[in-house]
Amino acid sequence: MKAKPGSGYFVVAVDNLPVRKIYFSPADSVITLASGLPTALPHTVRVYLCYEGYAKRPEFRGFILEGDTKLVAPPKRPKHRIEFVGNSITCGYGNESLNRKCGFADSTENHYLTYASLLCRMLDAEEHCTARSGIGVYRNYNGKRGGDADTMSKWYDYTCFDDASQLWDHSKFRPEVICVNLGTNDLSTKNHDINLYKKAYRKFILHLHEVQPQAKIVMLTGPMLWGEYLKEQIRVLDELQKEFTEQGLATYRFDMTLQDGTFGYGGSWHPSARQHEIMAGELLPLLSRLLNE
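If you're matching positions, the sequence shown starts at 191 in the numbering used here and goes up one per residue.
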């Protein structure tokens with residue numbers, strides 16, 4: 191596999207062999223994914239970018255094939271399409287860490303093990319994910335009470351975070367369902383305005399309905415927020431869901447079970463890989479129903 195040097199971490203699946211994680215350091219431009227495979231049958235390779243990487247701008251640059259082998263037509267694309275919009279939870283922050291006191295590290299973030307990626311494999315769905323650690327819909331983690339300028343509300347329409355030079359073409363991916371998991375950062379550090387959160391969340395969901403009118407939208411609460419903050423978020427999302435339903439907009443609600451340490455914690459108290467499995471299992475029935483209605 192060829193990639194820009196310094197592109198970081200990918201998960202690779204070759205045929206039915208166990209998946210493995212590879213790392214493109216600043217000195218690497220080519221990494222061998224497999225060798226000596228039987229030539230009588232075609233082989234399938236799947237490559238997943240598994241960490242945020244937005245500051246590194248990773249680039250996949252194709253494959254190098256051995257001998258007289260050649261690329262053939264890819265397998266049929268998955269039956270469904272799902273988009274996930276979120277924060278560090280959806281990114282997979284720290285889900286490979288075994289130390290809840292460990293801070294952020296590219297090496298312990300694995301989106302392949304998140305509820306989002308797991309659900310798409312369970313549901314035979316192609317995934318599109320727009321997520322960044324620390325991001326909110328009106329206020330980022332530990333941000334200003336009055337709001338921040340660089341939230342998901344701003345960057346959702348661009349191809350890359352922190353790069354306003356290229357707008358994203360929403361027609362390139364038309365999801366049947368969009369899952370939105372935003373609010374943990376907005377309501378963090380005892381410095382939020384719940385009315386500003388509600389206003390920004392309303393505007394963002396309406397924008398999603400505008401650019402993806404075919405999609406059903408699920409507004410989620412995650413497993414990290416707790417106490418009065420979680421109660422506030424649930425109240426706001428329930429109120430908004432009622433508003434949108436009255437407007438004839440296909441908008442749904444789901445609350446994930448609060449993590450309690452039973453399945454361990456990842457870095458900085460984020461969900462562990464096992465907790466992500468629980469989250470995926472909880473959300474599976476709703477998404478299955480929405481995709482097959």
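We put the CB at the ideal spot given by N, CA and C, even for glycine.
Confirm, please, whether the CB-CB distance from residue 225 to residue 256 is below 8 Å.
If you number the sequence shown from 1, residue 256 lands on position 66. If you number the sequence shown from 1, residue 225 lands on position 35. Result yes, Cβ atoms of residue 256 and residue 225 sit closer than 8 Å.
From the DSSP output, in three-state form, read off residue 441 for me.
Against the sequence shown, residue 441 aligns to sequence position 251. Three-state DSSP puts residue 441 in a strand.
With 16 other CB atoms within 10 Å as the buried threshold, where does residue 345 fall?
Here residue 345 refers to the residue found at position 155 when the sequence shown is read from its first residue. By the 10 Å Cβ count, residue 345 comes out buried.
Contact check, residue 305 vs residue 375, beta carbons under 8 Å
Numbered from its first residue, the sequence shown carries residue 305 at position 115. Numbered from its first residue, the sequence shown carries residue 375 at position 185. Taking C-beta atoms as the reference points, residue 305 and residue 375 fail to come closer than 8 Å.
Do residue 315 and residue 384 count as a contact pair if the criterion is CB distance below 8 Å?
Position 194 of the sequence shown, counted from the first residue, corresponds to residue 384. Position 125 of the sequence shown, counted from the first residue, corresponds to residue 315. Result no, Cβ atoms of residue 384 and residue 315 do not sit closer than 8 Å.
For residue 464, which residues of its own chain have a beta-carbon under 8 Å away from its beta-carbon, when the five flanking residues on both sides are left out?
Mapped onto the sequence shown, residue 464 falls at position 274. Only 453, 454 meet the Cβ criterion.
Taking the alpha-carbon positions, what's the residue 352 to residue 229 distance?
In the sequence shown, the residue the question calls residue 352 occupies position 162. In the sequence shown, the residue the question calls residue 229 occupies position 39. Distance between residue 352 and residue 229, taken at the CA atoms: about 44 Å.
Return the bridge partner residues of residue 409 from the DSSP annotation.
Reading the sequence shown from its first residue, position 219 is the one you call residue 409. Its beta-bridge partners are 370, 443.
How big is the Cα-Cα spacing for residue 417 and residue 478?
Here residue 417 is taken as the residue at index 227 of the sequence shown, counted from 1. Here residue 478 is taken as the residue at index 288 of the sequence shown, counted from 1. C-alpha separation (whole angstroms): 30 Å.
Length of the line joining the Cα atoms of residue 481 and residue 467
For the purposes of this step, residue 481 is taken as the residue at position 291 of the sequence shown. For the purposes of this step, residue 467 is taken as the residue at position 277 of the sequence shown. Cα to Cα, residue 481 sits roughly 20 Å from residue 467.
Between which two residues does the alpha helix (DSSP H) holding residue 454 run?
Taking the first residue of the sequence shown as position 1, residue 454 is located at position 264. Per DSSP, residue 454 belongs to no alpha helix (DSSP H) and is neither H nor E.
Residue 350, enclosing beta strand (DSSP E) - first and last residue
As a position in the sequence shown, residue 350 is number 160, starting the count at 1. Taken as a continuous stretch (DSSP letters only), the beta strand (DSSP E) holding residue 350 covers 348-350.
Quick one: what's residue 389 bridged to in DSSP?
For the purposes of this step, residue 389 is identified with residue 199 of the sequence shown, where counting begins at 1. Per DSSP, residue 389 has no beta-bridge partner at all.
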